[in-house]
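*Asks:*
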Amino acid sequence: MTNAFDVSPEELRAHASKLDALSDQLKTALDAANQVTMGSEAYGVICSFFVPIVQAVSQPGVDALSTASESMSDQAGNVKDTAQTYESGDQANADSFSGWEV
Numbered sequence: 570m571t572n573a574f575d576v577s578p579e580e581l582r583a584h585a586s587k588l589d590a591l592s593d594q595l596k597t598a599l600d601a602a603n604q605v606t607m608g609s610e611a612y613g614v615i616c617s618f619f620v621p622i623v624q625a626v627s628q629p630g631v632d633a634l635s636t637a638s639e640s641m642s643d644q645a646g647n648v649k650d651t652a653q654t655y656e657s658g659d660q661a662n663a664d665s666f667s668g669w670e671v
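The working numbering applies: residue 570 is where the sequence shown begins, and numbers increase by one.
#1: Which one of Asn647, Gly668, Leu595, Asn662 has the shortest CA to CA distance from Ala583?
#2: Thinking just about the alpha-carbon of each residue, which of Asp593, Val631, Ala573 is nearest to the one in Met641?
#3: In the DSSP assignment, the alpha helix (DSSP H) including Ala637 goes from what residue to what residue?
#4: Taking the beta carbon of Ser657 as the centre, do at least 16 other beta carbons fall within 10 Å, making it buried, or is it exposed?
#5: Whole-angstrom Cβ separation of Ala645 and Leu595, contact assumed at under 8 Å?
#6: Going by DSSP, what residue range makes up the alpha helix (DSSP H) through Ala583?
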């Protein structure tokens, strides 16, 4: 069989841990972005017109960080699930041969 491949569930889990760490970093960045988001009275009454302009520019960045964090976390979960699927499949295949005498 020349088209064989090898999958290491341990390596998949290690990669998932890295994705989890990246997700945590994105969450930290999102928390920081939410801390510096301006309130409606940030510039007082005279310059209140300026706040919606700044929010229109900054909110897409906050939204992007939120989406990226959620996506990274989802991908980490998917990689963990894949590792478990490979492991379960390998075990099921091995179990099907148990009890055979050679």
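Built from N, CA and C at the ideal position, the CB exists for glycine as well.
*Replies:* In short:
#1: Of Asn647, Gly668, Leu595, Asn662, the residue nearest in Cα terms is Asn647.
#2: Asp593
#3: 619-665
#4: exposed
#5: Rounded, the Cβ-Cβ distance is 11 Å, inconsistent with contact.
#6: 578-604 is the extent of the alpha helix (DSSP H) around Ala583.
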